[in-house]
């Protein structure tokens, strides 16, 4: 009898944990009972075209069935991405339980099981992203849409051995289609809501028997969907275009080369942050001192205006000193050269990659109609990686994959924050104070890894992995304060402002003047161990354990409080590495062969020094939460009900708890009304950690008329309520919701053209993906608005 007792002792503390235990127990009993009735052999089954399509993944550096991987993993083929209306990372987020992806004004943020990186130029994601072998550790590297994709794999939980550093939450592996030996292609035109226009094309050309090239390109644009009352327009509008070139060349019977290069340009104009005021807390503070209604600072002035703004839409203005044309522009290049040499069933692989981006953003950092804070962000990033690895023959008693990895990167991040001081200090008419910062970082990393598989007998398999990694970071940070004056500003005011600028700016934004140069070096050894049991037909039981690390680093906010040439240890300029220790038990089963798949994973992960990005009222700073525990269950299923209908369902339960986290940033109410400098989040949940989430998708396919294929897809994505801000401010809270997406398509009998209607968020649910306090202005909050209902008509021609 398979027993969960060693691990489930940890899952008996709460009703949620007991439910997790019981859910997995029921799954095990049901799956093994059905499987025991089958006399099929224990070897992996082949594809039955009348049932479920076999999902193939490469997350373990080999081509394998998803059902053979001893961890929680979800995968989408290129066809499934289209069926589920998934065009980019943001679309994919809603289809993945326990996953939250959002794109803020300054970066992408990815959370898995409540663990992820926030907004700060100094660090990388906690989810290791790879595309065609290129490491995409920074959000701006991953803006290219899902164009001409082969598959996408999401592996949940720490994945240090195969994906290296900064995979403490999980890993995302994306693969675009290779060039092949067929002359083929397609052209797509899409027109939709908010004046959305998408154009894309793919062409594959075999040059000769050994060489083929493939080119994919896109261009898209969309108007905004959030009304900005101050500017009297919908925001934020977007434009993007890009191209990918792929060449596959069989140099000899044993040697194959593949080159991929993609270039993209992405721009947005305006803001999609909604401005919301915490009126109850503000009124509570006023009531605490009714003789001084100004005790809420600048907020009392703003709320007494007569502009007629209702503060339920965007209200960002553009009358800032120096002007403000809000928006951002990004240019990206990603390239990879892969050489594969196969000899005597061994496979040797070399992957050389280059990635770079330039990002320039200008935005209204007070998010109000008042000309208070203007911020300009610039980033230039370059990265080179080299991986060499060998994979042994398969179907052996001992199998292995081993390799070495090198990475070098350079980041330059100028940052200019301009504050309208005259609005806050009447004695400084026509005066603005600025903080000019430059953060530069050079990063170098070496690692060696190996994974051994021991096929003990027909029922048992053991996997041992190990990765050693050494990383260094060298940084310089310069911050200076300056004053900017309007024409006609009195000389006496200018002299006073120039002399007092550092002190005034520090009191308002917390930024110090400094010139810092420092470095850090760290080494980690990350092991993993898993055990697989195949004693039941078409069923695998597994248990695994592993340790992963996320590198420490430095604050790149440009508003750090350190002064002079020495790092203030209380400023948070340097933060420590985090450690994740993960345990999983699971089952992957096929109770009805080629018709029904049912997978489940119970997990428990302990984090030490978890890196948390918090907004302290002025900037995003990184802190280390002392101890955090994440536990839960994830269940994935696919069911080919008939020749025409199939169903997929994915559900996740999550229990996130800070077991020891004192010194967290306080909420606005705690800071302003109660006078707290910090708060304790010990025993509390984290942001982006709903108790449950999931999706259900129903697909229908049939033949109509003279051989036409009619397809329909109905997907329901749902989530429990969760916090949108790391300080767990009650106002920054997303209610539970369900979103429905619909797709109806018609493909002609010769597979030469198709037409489809896509509706996302059919019932027009209003949701937010992130929230934060507004700098300087008390009791004001900004909410990142997700798109309402949208309709898209797609026409495609295939050749």
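In UniProt numbering, the protein residues as written are 1 to 799. Using N, Cα and C, we set each Cβ at its ideal position, and we do this for glycine too.
Pull up the distance between the alpha-carbon of residue i and that of residue j, whole angstroms please.
i: residue 609; j: residue 222; result: 41 Å
i: residue 788; j: residue 339; result: 45 Å
i: residue 666; j: residue 288; result: 19 Å
i: residue 749; j: residue 76; result: 26 Å
i: residue 571; j: residue 560; result: 7 Å
i: residue 454; j: residue 540; result: 16 Å
i: residue 649; j: residue 598; result: 9 Å
i: residue 680; j: residue 662; result: 4 Å
i: residue 127; j: residue 115; result: 9 Å
i: residue 9; j: residue 582; result: Below a pLDDT of 50, predicted positions are generally treated as unreliable, and residue 9, at 41, falls in that range; the measurement from the model is reported next regardless. Approximately 15 Å, taken between the alpha carbons.
i: residue 56; j: residue 177; result: 14 Å
i: residue 395; j: residue 641; result: 33 Å
i: residue 690; j: residue 519; result: 37 Å
Which two residues bound the contiguous alpha helix (DSSP H) that contains residue i?
i: residue 195; result: No alpha helix (DSSP H) holds residue 195; DSSP gives it neither H nor E.
i: residue 78; result: 78-83
i: residue 207; result: Element bounds for residue 207: n/a, residue is neither H nor E.
i: residue 90; result: 89-93
i: residue 254; result: From DSSP, residue 254 is part of no alpha helix (DSSP H); its letter is neither H nor E.
Under the three-state reduction of DSSP, which class applies to residue i: helix, strand or coil?
i: residue 229; result: coil
i: residue 799; result: coil
i: residue 306; result: For residue 306, the pLDDT reaches just 47, beneath the cut-off of 50, and the residue's location in the model is therefore unreliable, although a value from the coordinates is still provided. Residue state, collapsed to three classes: coil.
i: residue 668; result: helix
i: residue 266; result: strand
i: residue 2; result: Unreliable placement is indicated for residue 2, whose pLDDT of 36 sits below 50; no coordinate value is reported for it.
i: residue 224; result: coil
i: residue 234; result: strand
i: residue 843; result: This structure cannot speak to residue 843, because the chain is shown only from 1 to 799.
i: residue 167; result: coil
i: residue 879; result: Lying before the first or after the last residue shown, residue 879 is absent from the chain, which here runs from 1 to 799.
i: residue 564; result: strand
State the start and end residues of the unbroken beta strand (DSSP E) segment that holds residue i.
i: residue 285; result: It is not in any beta strand (DSSP E) - residue 285 instead sits in the alpha helix (DSSP H) that spans 279-288.
i: residue 383; result: 373-391
i: residue 802; result: Limits of the chain in this structure are 1 at one end and 799 at the other, which puts residue 802 out of reach.
i: residue 338; result: 327-343
i: residue 498; result: Run containing residue 498: none in the beta strand (DSSP E); it sits in the alpha helix (DSSP H), 491-509.
i: residue 250; result: 237-250
i: residue 456; result: No beta strand (DSSP E) contains residue 456, which DSSP labels as neither H nor E.
i: residue 128; result: 127-131
i: residue 363; result: 346-364
i: residue 149; result: 149-156
i: residue 542; result: 539-550
i: residue 718; result: 708-719
i: residue 688; result: Element bounds for residue 688: n/a, residue is neither H nor E.
i: residue 591; result: 578-592
i: residue 174; result: 170-176
Please classify residue i as buried or exposed, where buried requires at least 16 neighbouring CB atoms within 10 angstroms.
i: residue 208; result: exposed
i: residue 488; result: exposed
i: residue 79; result: exposed
i: residue 735; result: exposed
i: residue 359; result: buried
i: residue 458; result: exposed
i: residue 793; result: exposed
i: residue 155; result: buried
i: residue 383; result: buried
i: residue 325; result: exposed
i: residue 426; result: exposed
i: residue 655; result: buried
i: residue 770; result: buried
i: residue 797; result: exposed
i: residue 405; result: buried
i: residue 724; result: buried
i: residue 140; result: buried
i: residue 124; result: buried
i: residue 48; result: With a pLDDT of 41 at residue 48, under the threshold of 50, the modelled position of this residue cannot be trusted; read the value that follows with caution. It counts as exposed.
i: residue 495; result: exposed
Who does residue i pair with in a DSSP beta bridge?
i: residue 631; result: 604 and 655
i: residue 426; result: None; residue 426 has no bridge partner.
i: residue 527; result: 466
i: residue 450; result: 402 and 466
i: residue 410; result: 382 and 442
i: residue 162; result: Partner(s): none; residue 162 has no beta bridge.
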